[in-house]
Amino acid sequence: MMFPMWFFMGLFGFLVGVVCIISQRNSFLGVLLGFEVLTLFLFHSFFFVWGVNKVVSLSLVFLCVSVCVVSVSLSLVVKLIRSSGSDYVTGMCLGNG
Numbered sequence: 125m126m127f128p129m130w131f132f133m134g135l136f137g138f139l140v141g142v143v144c145i146i147s148q149r150n151s152f153l154g155v156l157l158g159f160e161v162l163t164l165f166l167f168h169s170f171f172f173v174w175g176v177n178k179v180v181s182l183s184l185v186f187l188c189v190s191v192c193v194v195s196v197s198l199s200l201v202v203k204l205i206r207s208s209g210s211d212y213v214t215g216m217c218l219g220n221g
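Quick note on the working numbering: the sequence shown kicks off at 125 and runs consecutively.
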């Protein structure tokens, strides 16, 4: 059974995103970048699975939600860096006492 080239590109992008998330599990910024890679390849697969004409409105909504999630996540990372000095999970103090 022959798979089209877009299938292998989507699979490669998914694996790159998962490896990025696993290898950067101590840093919040690295994990968020890995999730962004997964989001971009999911957007990429929307166009190749359903075609450009059928998914234009869905892709615009998906991109708007994705941008909102990224902006909130980036603001949380900035708040974390300002309060603790780094974005590493091991350097955070989770309790008050």
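The C-beta atom is built at its ideal place from N, Cα and C for all residues, glycine as well.
These numbers were taken from a predicted model, which means no experiment stands behind them.
At which residues does the alpha helix (DSSP H) containing residue i begin and terminate?
i	result
Gly-158	152-174
Ser-183	180-208
To the nearest angstrom, report how far apart residue i and residue j are at their CA atoms.
i	j	result
Trp-251	Phe-136	Because the chain in this structure spans residues 125 to 221, residue 251 falls outside the shown range and cannot be described.
Leu-187	Asn-150	27 Å
His-168	Val-193	18 Å
Asn-220	Val-196	Unreliable placement is indicated for Asn-220, whose pLDDT of 48 sits below 50; the coordinate value is still reported in the next sentence. Spanning the two alpha carbons is a distance of roughly 25 Å.
Val-143	Phe-159	11 Å
Ser-210	Val-180	39 Å
Phe-165	Gly-134	6 Å
Leu-198	Tyr-212	14 Å
Ile-205	Met-129	41 Å
Lys-203	Phe-152	12 Å
Ser-208	Ile-145	22 Å
Under the assumption that residue i contacts residue j (Cβ atoms under 8 Å), give the Cβ distance between them as a whole number of angstroms.
i	j	result
Gly-141	Gln-148	With 8 Å as the limit, Gly-141 and Gln-148 do not qualify as a contact, their Cβ atoms being about 11 Å apart.
Phe-170	Ser-183	5 Å
Pro-162	Phe-132	It should be noted that the sequence gives Leu, not Pro, for residue 162. Going by Cβ atoms, the distance from Leu-162 to Phe-132 rounds to 16 Å, so no, they are not a contact pair.
Val-201	Leu-156	7 Å
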